[in-house]
Amino acid sequence: MIESIDPNEILTKYLTNSKRIAHSVSTGLFMEQYADVAAVDPKTAYIAGTYHDLAKDLPLEEMVRLSRSMKERGIYTIDYFDYKVNNPSLLHGVAASELLYTEYGVDDKSILTAIAHHTTGGAGLDNLAKWTFLADFIEPLRDFHDAVKIRKVITKEHNFGKALGLAYTSLLQNLLDKHRNICPESLDGYNESIYQIMDNQ
Ligand SMILES: [Fe+2]
Ligand SMILES: [Fe+2]
Numbered sequence: 000m001i002e003s004i005d006p007n008e009i010l011t012k013y014l015t016n017s018k019r020i021a022h023s024v025s026t027g028l029f030m031e032q033y034a035d036v037a038a039v040d041p042k043t044a045y046i047a048g049t050y051h052d053l054a055k056d057l058p059l060e061e062m063v064r065l066s067r068s069m070k071e072r073g074i075y076t077i078d079y080f081d082y083k084v085n086n087p088s089l090l091h092g093v094a095a096s097e098l099l100y101t102e103y104g105v106d107d108k109s110i111l112t113a114i115a116h117h118t119t120g121g122a123g124l125d126n127l128a129k130w131t132f133l134a135d136f137i138e139p140l141r142d143f144h145d146a147v148k149i150r151k152v153i154t155k156e157h158n159f160g161k162a163l164g165l166a167y168t169s170l171l172q173n174l175l176d177k178h179r180n181i182c183p184e185s186l187d188g189y190n191e192s193i194y195q196i197m198d199n200q
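Quick note on numbering: the sequence shown equals residues 0 to 200 in numbering that gives the first Met the number 0.
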């Protein structure tokens with residue numbers, strides 16, 4: 000049971016970057032603290048948040064190997080797999096989910112799916128996956144302007160739908176400004192969530 004292991008032991012085994020470890024701890028605690036705003040179980044939220052970036056410091060070949068292995072298990076659908084291999088910054092969530100499954104026996108499909116999708120978001124995801132995508136963006140150590148603004152929508156307004164729509168908007172705006180590729184899953188997540196901003200204005 001992963002709950003019985005000290006998170007620092009797991010995080011320091013795979014992550015070499017101390018800022019990344021701090022971000023992981025902060026995301027887990029933030030997800031747990033505001034789990035009710037996202038209408039998810041706090042303990043499950045804590046696990047998804049704490050370990051979402053577990054594979055981020057692995058060598059690229061290892062990340063791809065782990066991701067292929069998870070794809071073959073077929074626990075959840077991995078859309079745009081080849082696209083993600085070609086844009087490997089999107090792949091570390093899938094690899095983290097395989098690590099948790101094989102090394103720590105995490106077999107909760109909701110947790111594995113949430114971690115796998117945290118880099119892109121997407122449409123048709125459950126609240127845990129939406130919350131993991133959003134909390135990664137706005138956890139308390141994130142200090143850029145949009146993160147601070149959207150974090151308040153959770154902590155002060157308790158408005159999950161609006162915060163999610165604003166996070167997708169910020170993500171896409173940032174990618175457009177930098178002339179970067181946009182994974183179609185992020186666009187699908189934006190289209191699904193944007194109505195919630197309009198509903199809540
Ligand atoms: Fe990540
Ligand atoms: Fe992250």
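For every residue, glycine included, the Cβ atom is placed at its ideal position computed from N, Cα and C.
DSSP-derived helix/strand/coil call for residue i
i           : result
residue 162 : helix
residue 252 : Outside the shown range of the chain (0 to 200) lies residue 252, about which nothing can therefore be said.
residue 55  : coil
residue 138 : coil
residue 122 : coil
residue 4   : coil
residue 175 : helix
residue 48  : helix
residue 102 : helix
residue 91  : helix
residue 38  : coil
residue 79  : coil
residue 218 : The structure shown does not extend to residue 218, since the chain is modelled only from 0 to 200, so the question has no answer here.
residue 85  : helix
residue 107 : coil
residue 151 : helix
residue 184 : helix
residue 116 : helix
residue 167 : helix
residue 157 : coil
Same chain, Cβ closer than 6 Å to residue i, five either side skipped, listed in chain order
i           : result
residue 60  : none
residue 153 : 33, 36 and 162
residue 166 : 133, 136 and 149
residue 187 : 121 and 122
residue 118 : 89 and 92
residue 112 : 75 and 128
Contacts around residue i, its chain only, beta-carbon distance under 8 Å, and the 5 residues preceding and following it disregarded
i           : result
residue 31  : 41, 42, 44, 45 and 48
residue 139 : 25, 29 and 150
residue 57  : 13, 65, 91 and 94
residue 2   : 42 and 46
Cut-off 7 Å between Cβ atoms - residues of its own chain near residue i, not counting five sequence neighbours on either side
i           : result
residue 146 : 136 and 137
residue 130 : 30, 37, 39 and 44
residue 19  : 52, 55 and 56
residue 82  : 182
residue 62  : 54, 87, 90, 91 and 94
residue 15  : 56
>> Closer than 5 Å between the C-beta and any heavy atom of ligand 4: which residues qualify, listed along the chain?
In response: As far as ligands go, the structure on display features ligand 1 and ligand 2 and does not contain ligand 4.
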